[in-house]
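Only one structure is covered here, and it is reproduced in the block below.
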Amino acid sequence: MNRITLTRPDDWHLHLRDGDILRSIVGFTAARFGRAVIMPNLKPPVTTTSLAVEYRKRVVAALPAGCSFEPLMTLYLTDNTPAAEVDRAVASGVVCGIKYYPAGATTNADCGVTTLERTFAVLERMEELGLVLQVHGEVTDDGVDVFDRERVFIERHLSRIVARYPALRVVLEHVTTREGVQFVDSQPGTVAATITPQHLLLNRNALFVGGIRPHHYCLPVLKREGDRLALLEAATSGSQKYFLGTDSAPHARGDKESACGCAGVFSAPAAIELYAEAFDQAGALDRLQAFASHHGADFYRLARNSGSISLVRDPWRPAASYPFGDRDIVPFFAAEAIGWRLDNPGNP
Ligand code: NCD
Ligand code: ZN
0 MNRITLTRPD DWHLHLRDGD ILRSIVGFTA ARFGRAVIMP NLKPPVTTTS
50 LAVEYRKRVV AALPAGCSFE PLMTLYLTDN TPAAEVDRAV ASGVVCGIKY
100 YPAGATTNAD CGVTTLERTF AVLERMEELG LVLQVHGEVT DDGVDVFDRE
150 RVFIERHLSR IVARYPALRV VLEHVTTREG VQFVDSQPGT VAATITPQHL
200 LLNRNALFVG GIRPHHYCLP VLKREGDRLA LLEAATSGSQ KYFLGTDSAP
250 HARGDKESAC GCAGVFSAPA AIELYAEAFD QAGALDRLQA FASHHGADFY
300 RLARNSGSIS LVRDPWRPAA SYPFGDRDIV PFFAAEAIGW RLDNPGNP
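Just so we're aligned, residue 0 is where the sequence shown starts under numbering that gives the first Met the number 0, counting upward by one.
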């Protein structure tokens, strides 16, 4: 197979930032995907529907001319989010979910949830109105090893959420572990997960190949080879519980190549191509369309996209860096060969 055509895919987990940076990067995603869920961890965070509506307008204004890309918004849950915000979010028609960051778990998560109980009124209203909860599933306790944070979050918090709100639709964002996959598989159809390209393609050795590799550092951090294989199996299984969410999380080169480098892998310039690479390695290219273009839309109860994209087997290399506002950014697979190329002349 040297060419594949897919229903235009969607990215169910994406960081676009704001201002000049947003304008530098949104075209990469819009060239590949019909829609994306735009993460709300700006400074200050997108905690209300009115902030999300404004942010959405800035995303649309930053799109290259002639794009039909649709940003789907999500709100940043805090200890103080009122249940009435759920009503406003649903009424807006542009908010598809609410994002749960444990306080301090990742970039700009300081305003996140400190105590699960404080979110109960919001979760109850989300369950009633059918708004999706998107969970960053990691505890932040110093005493819990960074490689165990997802498993412990599932044990302590996620299992309580799904037991208490059985009709609430929950996405375990960027699942990274075998235990995470086992948990999602054990739950009813209300529980799903997104999977990133870096967690499908790399294990934690990639953080240390020949020296420390800041561009492979993201949260949740890369895991063991056994975890990667469990993710690859889940993504290519055909299960409707798994769908594409890149977690493309751009940081300027200098903020990554630093004594205290930021977490985030910038995969947007080659996102769908990288998934094709992973599915091809697993001999499962025939399963890519369902994972990339069907399962997420079905879970979110949105129509599947009507257009299509094509990929051709024609190795290419992302640039060593791209402009990023007035700085530059190093993409995932910078200057490294990727087997599949987007057959979409004229796009970035
Ligand atoms: C994300 C970011 O930079 O906003 N970083 C990351 O490593 N994934 C935040 C997040 O999704 O955890
Ligand atoms: Zn993210």
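Every residue gets a Cβ at the ideal spot worked out from N, C-alpha and C, and that includes glycine.
Q | Residues bridged to Asp327 (per DSSP) | A | Pro322
Q: Just confirm the distance between the C-beta atoms of Ile153 and Gly179, as a whole number of angstroms; I'd bet it's less than 8 Å.
A: 6 Å
Q. Are three or more beta carbon pairs between the segment 156-166 and the segment 200-210 nearer than 8 Å?
A. no
**Q.** Near ligand 2: Asp246 beta-carbon under 7 Å from a heavy atom
**A.** yes
Q: Round the Cβ separation of Cys359 and Leu62 to the nearest angstrom and send it over; I've been treating them as touching at under 8 Å.
A: The question about residue 359 has no answer, for the chain in this structure spans 0 to 347.
Q) At what residue ranges does the segment 213-297 contain a whole run of the beta strand (DSSP E), taking only runs of 3 or more? A) 241-243
(Q) Using only the alpha-carbon positions, how far apart do Glu116 and Val138 sit? (A) 15 Å
**Q.** Distance between beta carbons of Gly324 and Asp19, contact taken as under 8 Å
**A.** 4 Å
Q) Enumerated in chain order, which unbroken segments of the beta strand (DSSP E) with a length of 3 residues or greater are wholly contained in the segment 180-218? A) 190-194
Q. With Leu287 and Phe332 assumed to form a contact (beta carbons below 8 Å), what rounded beta-carbon distance in angstroms separates them?
A. Not quite, the Cβ-Cβ distance comes to about 18 Å (not below 8 Å), so this is no contact.
Q: Report yes if the CB atom of Ser292 is closer than 8 Å to the CB atom of Thr4, and no otherwise.
A: no
Q) In terms of residue numbering, what span does the beta strand (DSSP E) encompassing Arg340 cover? A) Ile337 to Leu341
Q) At a cut of 8 Å, does the segment 32-45 reach the segment 313-321 through at least three beta carbon pairs? A) no
Q: Quick one: grab the DSSP three-state call for Asp19.
A: helix
Q. Do you know how far the Cα of Asp10 is from the Cα of Val151?
A. 27 Å
(Q) DSSP three-state label for Met72, please. (A) strand
(Q) Give me, in chain order, the residues of the same chain whose beta-carbon lies closer than 8 Å to that of Val58; leave out the 5 immediate sequence neighbours on both sides. (A) Leu15, Leu21, Val25, Ile37 and Pro70
Q | beta strand (DSSP E) segments (min. 3 residues) lying fully within the segment 102-137 | A | 131-134
Q: Flag Met38 as yes when its Cβ comes closer than 7 Å to any non-hydrogen atom of ligand 2, and as no otherwise.
A: yes
Q: Buried or exposed for Asn79, please, with buried defined as at least 16 other CB atoms from any protein chain shown within 10 angstroms of its CB.
A: exposed
Q.
Excluding the 5 residues flanking Arg2 on each side, which residues of the same chain have their C-beta closer than 8 Å to its C-beta?
A. Ser309, Leu310, Val311, Arg312 and Asp342
(Q) Within 10 Å of its beta-carbon, does Met0 have 16 or more other beta-carbons around it, so buried, or fewer, so exposed? (A) exposed
Q | Coarse secondary structure for Lys42, derived from DSSP in three states | A | coil
Q.
Applying the 10 Å Cβ sphere with the 16-neighbour rule, what's the burial state of Gly345?
A. Residue placement at Gly345 is poorly supported in this model, since its pLDDT is 46, which falls under 50; the coordinates are not used for a value here.
Q) Is there contact between the segment 255-272 and the segment 191-199, where contact requires at least three CB pairs shorter than 8 Å? A) yes
Q. If you draw a straight line from the alpha carbon of Glu367 to that of Phe278, how long is it in whole angstroms?
A. Because residue 367 is not part of the residues shown, which for the chain are 0 to 347, the question remains open.
Q.
Looking only at its chain, what residues have a beta carbon closer than 7 Å to the beta carbon of Thr105, apart from the 5 residues adjacent to it on each side?
A. His135, Leu218 and Ala262
Q.
What would DSSP say about Leu50, mapped onto helix, strand or coil?
A. helix
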